[in-house]
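Q:
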Amino acid sequence: GEHHLPFSYRDLTRSGQTTRHFIAPNLLDFKNKNYLQINDRLLQIVYVRDYGMELGDQFIRDLMQGDLELIVSLHAQSSTKADAMKKLRT
6 GEHHLPFSYR
16 DLTRSGQTTR
26 HFIAPNLLDF
36 KNKNYLQIND
46 RLLQIVYVRD
56 YGMELGDQFI
66 RDLMQGDLEL
76 IVSLHAQSST
86 KADAMKKLRT
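Residue 6 is where the sequence shown starts when you use the working numbering, and the numbers rise one by one after that.
Pasting the structure below:
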C-alpha cells in the first residue's frame with residue numbers, strides 16, 4: 006500500500022523543521038519507576054525471565070485475550086533433545 010507521511014520534504018525546508026518534529030514524540034518521561042510516559046500514553050514493560058514449559062502457550066494466549074494494547078516479544082534459544090529432556094527431569 007501507499008505510505009503517507011504527514012509532511013512533505015518541500016514543506017519541511019520552508020518551515021525550518023526536520024523529520025524529527027514529525028517522528029519523535031514530544032514527551033519522554035522516565036520519572037516514575039513503574040512506568041514510562043510517551044506523549045499522553047503510559048507504558049509498562051514486563052519481563053518474564055524463566056518461562057516454564059508447563060505453562061505451554063496458555064499464558065501468552067491469556068495475555069493476548071486481555072483488553073490491553075499489548076506487544077509480546079519472544080526470545081528463545083534452541084536446544085538439543087537431550088538438553089530439553091534433562092531440563093524436564095530437573
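Even for Gly, the Cβ is constructed at its ideal location relative to N, Cα and C.
Enumerate in chain order the residues of its own chain whose CB-to-CB distance from Gln49 is below 6 angstroms, with the five nearest sequence positions on each side excluded.
A: For this step, residue 49 is matched to residue 44 along the sequence shown. Within the same chain, Gln49 has close Cβ partners Tyr40.
Q: How would you write the range of the beta strand (DSSP E) that Leu17 sits in, first residue to last?
A: In the sequence shown, counting from the first residue as 1, residue 17 sits at position 12. Unbroken run through Leu17 is the alpha helix (DSSP H), 14-20; no beta strand (DSSP E).
Q: Look up Asp34 in the DSSP assignment and say whether it is helix, strand or coil.
A: Taking the sequence shown and counting its residues from 1, the one referred to as residue 34 is at position 29. It is a strand residue.
Q: In its own chain, which residues sit with a C-beta less than 8 angstroms from the C-beta of Ser84, not counting the 5 before and 5 after it?
A: Indexing the sequence shown from 1 puts residue 84 at position 79. Same-chain partners within the cutoff: Lys92.
Q: Since Arg46 is in the beta strand (DSSP E), which residue starts that stretch and which ends it?
A: Your numbering for residue 46 matches position 41 in the sequence shown. Its beta strand (DSSP E) spans residues 46-48.
Q: If you follow the alpha helix (DSSP H) that Leu93 is part of, which residue opens it and which one closes it?
A: Start at 1 with the first residue of the sequence shown, and residue 93 comes out as number 88. From DSSP, the alpha helix (DSSP H) with Leu93 extends over 86-94.
Q: Please classify Leu79: does DSSP put it in a helix, a strand, or coil?
A: As a working mapping, residue 79 is identified with position 74 in the sequence shown. It is coil, neither helix nor strand.
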